[in-house]
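Let me begin by presenting the structure, written as structure tokens, before commenting on it.
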Amino acid sequence: SLRCGNVVSVCCKREFYIKFKDIQWDEWIIAPEGYHMNYCIGQCPQHLAGSPGIASSFHATVFSQLKINGINTATTSCCVPTERRPLSMVFFDSQHSIVKMDVPDMIVESCGCT
Amino acid sequence: GSPSPSCVSCGLQAMDRDAEERLMTEIAKQQILEKLHLKERPNITHTVPRAALLTALRKLHSGRVRQDGTLELENNIPTKDPGYEIVSFADISEMESGEGASLTFQFLQERGQSIQVLESSLWIYVRSSEDPHRDSRLPARVFLSAVGEVSGSNRTLVIEKMLEVQDSNWHTFPITRTLQSFLDSGQRRLRLEVSCDEDGKNLCSLDGTANSAYQPFLVAKVRLRDDHSKHVLRKR
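Heads up: the protein sequence lines correspond to chains A and B, in order. Per the working numbering, residue 1480 is the first one in the first sequence, and the count goes up by one each step. Per the working numbering, residue 3 is the first one in the second sequence, and the count goes up by one each step.
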């Protein structure tokens, strides 16, 4: 997966980190100290659409078959997350109880073209 | 034609870096609140004693506590339907009879939410007897008492255990079914009475004062029930 630079062209992962202390959310979030809200951005030109290894979705597989057989798909390809991972969070709720929650698919690890 | 950093089809002007940062921060806030099933960020009015907090987190097995007291979490790979764990600290009041203390836990359930308790236990720090020749076994009882009643009256025995107390340490009391029936009843305050009586002296440390490392707390592993949605589906 490509990591975006300052100028975005092809599908890549843009990293965005928010530190809870910076927004005073460390008052109620015990852990972790911040959140990586990465996201996918950029173009998916035809020659990248469904490239093996870039997009692992079922949609990519079907798309490849159509392309190989020369069927004009006339569809656009999108830049989407291909890998995500969970995030465990421990925080105070409004009753001052501590809650520990494992949130699935919270962090985008890599991006690809469908 | 000319490469333009803005989204031409959207007709938006290109954002400057600060404006983009602010927007992304707001999006991140909304995403975190949504994933944690919260409508808004909790308003913390008083801090939990740090020592009690660290003790509770250690019991949560939620990771390692670093030297500087911050928490390093183990990322558990959640099941399809991740549950979550709650640690609740008690408000403590002495029982008139002097027999022990009354612990009140507050729970707030969102309207329409139905919670399944997978397991729950009450953690109490029990001191060892000052008399070294004393029998190391100590009878301990936990009662569920009706909120608003005089402590000691109108209560039901939840669990009775014979504790083996060699030295001062934490002891747990399973209260899964008690907590489940309490949450199902829709009440907000769960009141438990604990007594660990030795010759009229209560050896359970029910010290809720600030900075107490031995503040009793309740741990619960819960999951949102999804049969509620199925029920709705059936209605359609």
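For every residue, glycine included, the Cβ atom is placed at its ideal position computed from N, Cα and C. Predicted, not measured: the structure shown is a model, and the values here were computed from it.
- Of A/P1511, A/G1484, A/D1505 and A/M1516, the smallest CA-CA separation from B/Q33 is found for A/M1516.
- About 14 Å separates the beta carbon of A/C1523 from that of A/C1483, a gap too long to meet the 8 Å contact definition.
- Counting only Cβ-Cβ distances below 7 Å, B/T27 has contacts in chain A at I1497 and I1502, in chain order.
- For the pair B/E195 and B/R43, the Cα-to-Cα distance works out to about 32 Å.
- The DSSP-derived three-state label of A/M1516 is coil.
- Contact between A/F1571 and B/I46 holds, since their C-beta atoms are separated by about 6 Å, short of 8 Å.
- Here B/L192 is buried: its Cβ has 16 or more other Cβ atoms, across all protein chains shown, within 10 Å.
- Of all C-beta pairs linking the stretch 215-223 of chain B to the stretch 157-164 of chain B, fewer than three are shorter than 8 Å, placing the two stretches out of contact.
- Relative to B/W172, the option among B/S123, B/V119, B/H39 and B/L35 whose CA is nearest is B/S123.
- Going by DSSP, B/K37 is part of the alpha helix (DSSP H) stretching over R19 to K37.
- Against chain A, a Cβ distance below 7 Å from B/K37 picks out V1582 and M1585.
- By a beta-carbon distance limit of 8 Å, B/I88 does not contact A/S1567. Their separation comes to about 14 Å.
- Here B/Y86 is bridged, per DSSP, to A/M1580 and B/V224.
- Residue-level contact check: A/S1556 does not touch chain B, since none of the beta carbons of chain B fall below 9 Å from its beta carbon.
- In the displayed model, B/T57 falls within a helix according to three-state DSSP.
- B/E200 has B/K203 as its beta-bridge partners, per DSSP.
- For the stretch 1559-1576 of chain A, residues whose beta-carbon sits nearer than 9 Å to a beta-carbon of chain B comprise R1564, P1565, L1566, S1567, M1568, V1569, F1570, F1571, D1572, S1573, Q1574, H1575 and S1576.
- The beta carbons of A/K1492 and A/V1587 sit closer together than 9 Å.
- Contact residues of the stretch 119-138 of chain B toward chain A are absent (C-beta to C-beta distance below 8 Å).
- Note: B/R136 is not bridge-paired with any residue in the DSSP secondary-structure output.
- Across the set B/S131, B/L105 and B/G85, the C-alpha of B/G85 shows the shortest separation from the C-alpha of B/L120.
- CA-to-CA, the gap between A/Y1496 and B/I177 works out to about 40 Å.
- Fewer than three Cβ pairs drawn from the stretch 182-192 of chain B and the stretch 126-138 of chain B lie within less than 8 Å of each other, which leaves the two stretches out of contact.
- Under the three-state reduction of DSSP output, A/Q1525 falls in the helix class.
- Against chain A, the beta carbon of B/R43 has neighbours under 7 Å at W1504 and W1507, listed in chain order.
- When secondary structure is reduced to three states using DSSP, A/E1494 falls in the coil class, being assigned neither helix nor strand.
- Contact with chain A is absent for B/T178, since none of that chain's Cβ atoms lies less than 9 Å from the residue's Cβ.
- A Cβ of chain A is located within less than 9 Å of the beta carbon of B/S90.
- Beta-bridge partners assigned by DSSP to B/H173: B/I126.
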